[in-house]
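Undergrad: In terms of numbering that gives the first Met the number 0, the sequence shown is residues 0 to 253. Cβ coordinates follow ideal geometry from the N, Cα and C atoms, glycine included.
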Amino acid sequence: MNKAELREFLDEKVIQYNTTDFIDSDPIQIPHQFLLKEDIEISAFLTSSIAWGNRKIIINNSKRMMALMGDSPYDFVMSHTDDQLENLEVFVHRTFNSGDFITFIKGLRHIYKNHNGLEAAFAKNRQAESMQQSITEFRKLFFEIPHQQRTTKHVSDPMQGSAAKRINMFLRWMVRQDKAGVDFGIWKSISPASLSCPLDVHSGNVARKLGLLTRKQNDAKALAELDASLRLLDANDPVKYDFALFGLGVFERF
Numbered sequence: 000m001n002k003a004e005l006r007e008f009l010d011e012k013v014i015q016y017n018t019t020d021f022i023d024s025d026p027i028q029i030p031h032q033f034l035l036k037e038d039i040e041i042s043a044f045l046t047s048s049i050a051w052g053n054r055k056i057i058i059n060n061s062k063r064m065m066a067l068m069g070d071s072p073y074d075f076v077m078s079h080t081d082d083q084l085e086n087l088e089v090f091v092h093r094t095f096n097s098g099d100f101i102t103f104i105k106g107l108r109h110i111y112k113n114h115n116g117l118e119a120a121f122a123k124n125r126q127a128e129s130m131q132q133s134i135t136e137f138r139k140l141f142f143e144i145p146h147q148q149r150t151t152k153h154v155s156d157p158m159q160g161s162a163a164k165r166i167n168m169f170l171r172w173m174v175r176q177d178k179a180g181v182d183f184g185i186w187k188s189i190s191p192a193s194l195s196c197p198l199d200v201h202s203g204n205v206a207r208k209l210g211l212l213t214r215k216q217n218d219a220k221a222l223a224e225l226d227a228s229l230r231l232l233d234a235n236d237p238v239k240y241d242f243a244l245f246g247l248g249v250f251e252r253f
């Protein structure tokens with residue numbers, strides 16, 4: 000396919016998969032349970048942070064996280080007691096354990112109390128065509144609180160070579176707004192043009208088959224290459240093609 004044909008093909012796949020039907024089988028259904036901005040972004044951040052492995056298990060464990068917080072994530076983050084934190088000690092998702100969960104709650108409270116919330120913390124270091132430096136700087140803020148070193152692995156650092164798939168997915172959820180009803184678009188201080196594709200096994204393999212990506216590893220360098228290719232197709236909203244790449248890989252076994 001030439002560039003025009005590839006854009007037309009992927010645009011059709013975006014339309015096919017970027018629909019509310021997508022929500023029912025995706026972890027994004029968790030923040031869709033909420034109406035308050037802070038509830039949406041906190042539930043989205045926590046859900047995306049454990050979004051690796053089987054999607055049904057991710058969804059079920061994300062629902063459990065919300066239930067342990069009384070299905071009021073912002074209120075829990077800001078007003079929890081020590082006893083309520085102890086109730087979280089039953090939680091585990093793969094290598095994300097209760098200690099990580101409790102640290103994340105404390106880190107989120109620190110972000111809201113001292114850095115004006117998640118949106119402001121991520122927007123502070125945004126660049127015109129990249130959020131990767133912003134992610135690294137957010138990570139520093141998030142772990143200004145006392146924490147175990149093991150927990151830091153659950154917030155990726157692009158400046159250390161990570162593709163930061165889960166945080167880039169979280170940012171897509173918060174920033175993109177195309178009225179399709181999937182992404183929220185509640186963060187107005189960050190442009191969709193700055194976003195990066197959540198690069199994983201599925202999207203990476205499809206991107207390589209389509210000639211959008213040549214690097215074999217799914218790392219920060221591969222993400223930069225994929226971003227550059229997608230911005231040639233749509234500079235204003237490159238990450239919309241995540242729907243196409245993911246749908247082709249997961250649902251169509253492309």
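Can you give the Cα-Cα distance for residue 134 and residue 141, rounded to whole angstroms?
TA: 10 Å
Undergrad: Return helix, strand or coil for residue 113, following the three-state DSSP convention.
TA: helix
Undergrad: Pair every Cβ in the segment 75 to 88 with every Cβ in the segment 52 to 62, then say whether three or more of these pairs are closer than 8 Å.
TA: no
Undergrad: So what's residue 76 in DSSP terms, helix, strand or just coil?
TA: helix
Undergrad: Measure the Cβ-Cβ separation of residue 219 and residue 162 and say whether it is below 9 Å.
TA: yes
Undergrad: For residue 138, which option in 120, 222, 126 and 147 has the closest C-alpha, if you only look at C-alpha atoms?
TA: Among 120, 222, 126 and 147, the Cα nearest to that of residue 138 is on 120.
Undergrad: Return yes when the Cβ of residue 37 is within less than 9 Å of the Cβ of residue 173, no when it is not.
TA: no
Undergrad: Drop a sphere of 10 angstroms on the beta-carbon of residue 68, count the other beta-carbons inside from all chains shown, and report buried for 16 or more, exposed for fewer.
TA: The residue in question, residue 68, is buried, as its Cβ has 16 or more Cβ neighbours within 10 Å.
Undergrad: Between residue 185 and residue 117, what straight-line distance do the alpha-carbon atoms span, to the nearest angstrom?
TA: 12 Å
Undergrad: Tell me whether residue 200 is buried or exposed, calling it buried when 16 or more other Cβ atoms sit within 10 Å of its Cβ.
TA: Classification for residue 200: exposed.
Undergrad: Would you identify the three-state DSSP class for residue 181, choosing helix, strand or coil?
TA: coil
Undergrad: Which stretch, first to last residue, makes up the alpha helix (DSSP H) that contains residue 141?
TA: Looking at the DSSP string, the run of the alpha helix (DSSP H) that includes residue 141 is 131 to 141.
Undergrad: Rank 240, 85, 80 and 30 by C-alpha distance to the C-alpha of residue 61 and give the top, closest one.
TA: 30
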